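Each residue of the sequence shown is one higher than the one before, starting from 194 at the first, in this note's numbering.
All residues carry an ideal CB built from backbone N, CA and C; glycine is no exception.
Every value quoted in this text rests on a predicted model; they were computed, and no experiment measured them.
Before any comments, here is the structure.
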Amino acid sequence: NAAPGVMARKSVHEPLQTGIKAIDALVPIGRGQRELIIGDRQTGKTAVAIDTILNQADQNMICIYVAIGQKESTVRGLVETLRKHGALDYTIVVTAPASSPAPMLY
């Protein structure tokens, strides 16, 4: 079965509160929506994602963090941060580290 076209899909009606006022006010994310966070190196992309995940603690939500091409040590640090804050109870981490074969990264 083909996915419905963009116009045929129901609009997002329940916002996801990231806890970051600029995002929640200017570019709100819908609950259940996927979000690609792109930007230059060292601009805080991971921090935005982690803060958003940590802010979902009491929201009855499952978060999925996908790390493609990141160093294994970086992902380990991220997982440890999630563990320290109890966020692994509601978070799935999927990773294809930079050391993975090229087909695993795409």
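Per-residue burial, residue i [other beta carbons within 10 Å of its own, 16 or more giving buried]
i	result
Thr211	buried
Ile246	buried
Val268	buried
Gln249	buried
Which residues DSSP lists as bridging residue i, in chain order
i	result
Leu209	Ile222
Endpoints, alpha helix (DSSP H) assigned at residue i
i	result
Ile246	238-247
Val199	Run containing Val199: none; DSSP gives neither H nor E here.
Terminal residues of the beta strand (DSSP E) in which residue i lies
i	result
Ile285	284-289
Anticipated Cβ contact below 8 Å, residue i with residue j, distance rounded
i	j	result
Tyr258	Ala240	At roughly 12 Å, the Cβ-Cβ gap does not stay under 8 Å, so Tyr258 and Ala240 are not in contact.
Thr288	Ala260	4 Å
TODO: Report the residue ranges of all alpha helix (DSSP H) runs contained in full by the region 251-277; include only those spanning at least 4 residues, in chain order.
DONE: 265-277
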